[in-house]
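Student: Residue numbers (this note's numbering), protein chains in the order written: chain R, 2 to 120; chain V, 0 to 115.
A virtual CB, placed ideally from N, CA and C, is assigned to each residue, including glycine.
Got a structure for you, questions after.
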Amino acid sequence: GAVVSQHPSRVICKSGTSVKIECRSLDFQATTMFWYRQFPKQSLMLMATSNEGSKATYEQGVEKDKFLINHASLTLSTLTVTSAHPEDSSFYICSASPLTSGGAFDTQYFGPGTRLTVL
Amino acid sequence: AQKITQTQPGMFVQEKEAVTLDCTYDTSDPSYGLFWYKQPSSGEMIFLIYQGSYDQQNATEGRYSLNFQKARKSANLVISASQLGDSAMYFCAMREVTSGTYKYIFGTGTRLKVLA
């Protein structure tokens with residue numbers, strides 16, 4: 002259980018185009034999904050927290066107009082990188098936390114990641 | 000100040016031996032969760048083990064155990080009987096609640112190499 006899928010796994014695009022990345026929780030419902038960015042040999046950097054039915058909460062320094070997040074349902078969140086540039090090339094990972102009964106064990110399960118290369 | 004500190008950028012361990020990966024944290028919240036994740040070269044983040052701040056006993060999951068020392072604010076991961084497949088990047092993370100929402104903060108990671 003607790004499987005999170007991400008699509009596409011790898012994408013190459015030209016500078017100036019937009020890229021959409023999907024994150025789905027396959028066997029559980031998630032009110033909260035997280036989007037991370039990871040540069041080579043570095044840690045995960047939280048970009049934003051996505052809540053179903055409401056606006057995403059962006060971390061300081063993350064441009065909300067550049068990284069559009071939509072959490073349309075309890076199983077799907079999308080990240081759109083608008084007008085992508087080479088500096089946006091990175092590994093993007095999403096995660097989802099299952100709905101719980103209010104216990105403390107709210108772990109997050111990660112998708113396999115999307116490697117974006119902007120030429 | 001860093002909230003999650005992993006001081007070992009790289010570690011080596013002989014196959015079948017045990018290894019400890021260090022993690023210290025900083026929070027003023029009495030309720031928090033600590034996690035360890037494994038990231039192999041494929042990039043996927045694999046959940047290993049969880050420790051709640053109110054848990055009385057150290058968490059264990061198979062060959063993984065978490066040495067939780069609350070007063071010292073440390074949550075070290077112990078891998079027993081290392082296997083070649085354990086070679087990967089390991090991240091310590093903390094869940095904290097801010098303004099009613101929770102998020103996860105990751106350490107910089109430790110790259111573990113298991114030697115045959």
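Measure the beta-carbon distance from Leu117(R) to Val12(R) and round it to whole angstroms, keeping in mind my assumption that it falls under 8 Å.
Tutor: Stepping through the first sequence from its first residue, residue 117(R) is reached at position 116. Stepping through the first sequence from its first residue, residue 12(R) is reached at position 11. So it is a contact: roughly 6 Å between Cβ atoms.
Student: Along the beta strand (DSSP E) that carries Asn52(R), what are the first and last residues, could you check?
Tutor: Taking the first residue of the first sequence as position 1, residue 52(R) is located at position 51. Asn52(R) -> beta strand (DSSP E) spans 45-52.
Student: Near Ala115(V), which residues of its chain fall below 7 Å by C-beta distance, leaving aside the five closest residues on each side in sequence?
Tutor: For the purposes of this step, residue 115(V) is identified with residue 116 of the second sequence, where counting begins at 1. Counting only Cβ-Cβ distances below 7 Å, and skipping sequence neighbours, we find Glu14, Leu83.
Student: Using the Cα positions of Gln43(R) and Thr109(V), report the straight-line distance between them to the nearest angstrom.
Tutor: What you label residue 43(R) is simply residue 42 of the first sequence in a count that begins at 1. What you label residue 109(V) is simply residue 110 of the second sequence in a count that begins at 1. Their backbone Cα atoms lie some 10 Å apart in a straight line.
Student: Would a check of beta-carbon distances place Leu45(R) closer than 8 Å to chain V?
Tutor: As a position in the first sequence, residue 45(R) is number 44, starting the count at 1. Leu45(R) counts as touching chain V.
Student: Taking a contact to mean a Cβ-Cβ separation below 8 Å, would you say Ile70(R) touches Ala85(R) in this structure?
Tutor: Here residue 70(R) refers to the residue found at position 69 when the first sequence is read from its first residue. Here residue 85(R) refers to the residue found at position 84 when the first sequence is read from its first residue. No. Outside cutoff.
Student: Under 8 Å, Cβ to Cβ, is there at least one residue of chain R near Thr6(V)?
Tutor: For this step, residue 6(V) is matched to residue 7 along the second sequence. Thr6(V) does not count as touching chain R.
Student: Within 8 Å of any Cβ in chain R, is that where the Cβ of Lys102(V) sits?
Tutor: Taking the first residue of the second sequence as 1, we reach residue 102(V) at position 103. Cβ-Cβ to chain R under 8 Å: yes for Lys102(V).
Student: In the DSSP assignment, find the unbroken beta strand (DSSP E) run with Ser64(V) in it and report its ends.
Tutor: As a first step, residue 64(V) is located in the second sequence; it is residue number 65 there, counting from the start. Residues 63-68.
Student: Under the rule that 16 or more other beta-carbon atoms within 10 Å means buried, what is Val4(R), buried or exposed?
Tutor: Stepping through the first sequence from its first residue, residue 4(R) is reached at position 3. Exposed, by the Cβ-count rule.
Student: Using a Cβ cut-off of 7 Å, pull out every chain R residue sitting near Phe34(V), in sequence order please.
Tutor: As a first step, residue 34(V) is located in the second sequence; it is residue number 35 there, counting from the start. The contacting residues are Thr108.
Student: Judging by CA-CA distance, which residue of Pro99(R), Ser98(R), Asn52(R), Val82(R) is the nearest neighbour of Ser16(R)?
Tutor: For the purposes of this step, residue 16(R) is taken as residue 15 along the first sequence, with counting starting at 1. Looking at the Cα atoms, Val82(R) is the closest of the given residues.
Student: Please state whether DSSP places Gly1(R) in a helix, a strand or coil.
Tutor: Look at the range of chain R in this structure, 2 to 120, and you will see that residue 1(R) is not part of it.
Student: Taking only beta-carbon positions, decide if Gln13(V) is within less than 8 Å of chain R.
Tutor: As a first step, residue 13(V) is located in the second sequence; it is residue number 14 there, counting from the start. Chain R contact via Cβ: absent.
Student: With the cut-off set at 8 Å, would you say Gly112(R) and Gln7(R) are in Cβ contact?
Tutor: Residue numbering aside, residue 112(R) sits at position 111 when the first sequence is read from its first letter. Residue numbering aside, residue 7(R) sits at position 6 when the first sequence is read from its first letter. For Gly112(R) and Gln7(R), yes; Cβs fall inside 8 Å.
Student: Which residues share a DSSP beta bridge with Met93(V)?
Tutor: Along the second sequence, one-based indexing puts residue 93(V) at 94. Per DSSP, Leu33(V), Ile104(V).
Student: Examine the Cβ distances between the stretch 67-82 of chain V and the stretch 13-27 of chain V and report whether three or more of them are shorter than 8 Å.
Tutor: A contact exists between the stretch 67-82 of chain V and the stretch 13-27 of chain V.
Student: With Gly42(V) as the anchor, note down where its beta strand (DSSP E) starts and where it stops.
Tutor: In the second sequence, residue 42(V) corresponds to position 43, counting from 1. Neither: Gly42(V) is in no beta strand (DSSP E) and is coded neither H nor E.
Student: Using a cut-off of 7 Å between C-beta atoms, extract the partners of Ser44(V) located in chain R.
Tutor: Within the second sequence, the letter at position 45 stands for residue 44(V). Position check: residue 44(V) holds Met in this sequence, whereas Ser was assumed. Correct list: Ile94, Phe111.
Student: Is the CB of Tyr157(V) under 8 Å away from at least one CB in chain R?
Tutor: The question about residue 157(V) has no answer, for chain V in this structure spans 0 to 115.
Student: Give the single residue among Lys2(V), Tyr89(V), Phe105(V), Asp25(V) whose Cα lies nearest to the Cα of Leu47(V).
Tutor: The residue given as residue 47(V) occupies position 48 in the second sequence. Comparing Cα positions, the closest option is Tyr89(V).
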